[in-house]
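This report concerns only the one structure given below.
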Amino acid sequence: SKMIILNNGNVGIGTTGPTDKLDIYGAWSTDTNKGTLRLNTSDAVAADIGGKIVFGGNYTGTTNTDWAGIGGFKQNATDGQYGGYLSFFTRTTGSNPTEKVRIDNAGNVGIGTTGPGEKLEVAGNLLVSGGNELKFSAPSGAYAIHGISSGLPLDFNLWTGSVNTTVMRMQSDGNVGIGTTNPALQLTLSGATGTRKIIGFYEGAVFRGAMGTAASTNDLLTGSGVDDLTITSQQKILLGQINGTAAMTIS
Numbered sequence: 009s010k011m012i013i014l015n016n017g018n019v020g021i022g023t024t025g026p027t028d029k030l031d032i033y034g035a036w037s038t039d040t041n042k043g044t045l046r047l048n049t050s051d052a053v054a055a056d057i058g059g060k061i062v063f064g065g066n067y068t069g070t071t072n073t074d075w076a077g078i079g080g081f082k083q084n085a086t087d088g089q090y091g092g093y094l095s096f097f098t099r100t101t102g103s104n105p106t107e108k109v110r111i112d113n114a115g116n117v118g119i120g121t122t123g124p125g126e127k128l129e130v131a132g133n134l135l136v137s138g139g140n141e142l143k144f145s146a147p148s149g150a151y152a153i154h155g156i157s158s159g160l161p162l163d164f165n166l167w168t169g170s171v172n173t174t175v176m177r178m179q180s181d182g183n184v185g186i187g188t189t190n191p192a193l194q195l196t197l198s199g200a201t202g203t204r205k206i207i208g209f210y211e212g213a214v215f216r217g218a219m220g221t222a223a224s225t226n227d228l229l230t231g232s233g234v235d236d237l238t239i240t241s242q243q244k245i246l247l248g249q250i251n252g253t254a255a256m257t258i259s
């Protein structure tokens, strides 16, 4: 028997004991062009044409309507091309079903957009729950945004091999630390002992100046060459240092 219709209305294809309204039974194939069920349309060649499955039920009394659907459609209207995409539809009360998620012919996934330009593109807000990290991986290393929980800091981490380092932290009080996980001020920069801590200013790719502290001192440096102006911890102002010697000193 190739197909059977039981007295309860269940239809079986490839099985004599269908347990649902339609029960299809057959061998699995490694050929991705073959499936257990195929839905084709007979329309002329056009974009956005293809097979679709619609899900629905009674929404009031015995009145039936559609809730959602899944469709496989042609990517473009070019004759001879067979690239396609998978579309997921849902609806709200008072509206028709509309596409909410698309997987295009390149494998890109779009949520809230029909033209995803990356592996995952979300048009709208994104909530990550059930975990505390958003991770990014690359051949040269891995990166993560680490949010522990409400009221605790937001960390930006960098992996080098198996070593995980917090390179920037944003605390619940708004203080931001770069190179430190305990920023005492609104912006705190920290580096290795004996090195300068410098902030650079650029106009596009053009360097315009810098400000920072000297190595192992409380001296403040600024200028287009960093040492153009130095304010020392002894309240002296040094102008135009050359090889460690100031062209002018104001005490």
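Offset between the sequence shown (1-based) and the working numbering: plus 8.
Glycine residues also receive a C-beta, built at the ideal position from the N, C-alpha and C atoms.
Task: Sequence-distant residues of the same chain with beta carbon closer than 6 Å to Trp75, five excluded per side - done: Phe63, Gly64
TODO: Identify, in the order they occur along the chain, each residue of the same chain with its Cβ nearer than 6 Å to the Cβ of Asn84, setting aside the five sequence neighbours on each side.
DONE: Ala55
TODO: Please go through the same chain and pick out, in chain order, the residues whose beta-carbon is closer than 8 Å to the beta-carbon of Lys10, but skip the five residues on each side of it.
DONE: Ile21, Gly22
Open item on the list: Please classify Ala218 as buried or exposed, where buried requires at least 16 other C-beta atoms within 10 Å of its C-beta.
Closed with: buried
Open item on the list: Quick check on this structure: which residue in Asp163, Gly187, Tyr151, Asn183 has the alpha carbon closest to the alpha carbon of Ser170?
Closed with: Tyr151
- [ ] Could you spell out the range, first to last residue, of the beta strand (DSSP E) harbouring Ala309?
- [x] Within the shown structure, residues of the chain are numbered from 9 to 259, placing residue 309 beyond reach of any answer.
Open item on the list: Suppose the cutoff is 8 Å on Cβ atoms and the five residues either side in sequence are ignored; what does the same chain contact list for Val175 look like?
Closed with: Phe164, Asn165, Leu166, Ile186, Gly187
Task: Own chain residues within Cβ distance below 6 Å of Ile13, not counting five before or after - done: Val19
Open item on the list: Measuring only the C-alpha atoms, how far is Leu160 from Thr168?
Closed with: 25 Å
Open item on the list: Please state the DSSP three-state secondary structure of Val53.
Closed with: coil
- [ ] Determine, using beta carbons only, whether Thr122 and Glu129 come nearer to each other than 8 Å.
- [x] no
Open item on the list: Quick check on Asn84: does DSSP put it in helix, strand or coil?
Closed with: coil
TODO: Give the DSSP-derived three-state secondary structure of Glu126 in the structure shown.
DONE: coil
Open item on the list: Determine, for Gly34, whether the minimum Cβ-Cβ distance to residues of chain C falls below 8 Å.
Closed with: Annotation note: the requested chain C is absent from the structure, which comprises a single protein chain.
Task: CB contact flag (Gly115, Gly92, <8 Å) - done: no
TODO: In the DSSP assignment, find the unbroken beta strand (DSSP E) run with Leu142 in it and report its ends.
DONE: 141-146
Open item on the list: Which of the three DSSP states is assigned to Ile250 in this structure?
Closed with: Reliability fails at Ile250, whose pLDDT of 48 lies under 50, so the model's placement of it is uncertain and the value that follows must be treated cautiously. Note: Ile250 maps to strand in three-state DSSP.
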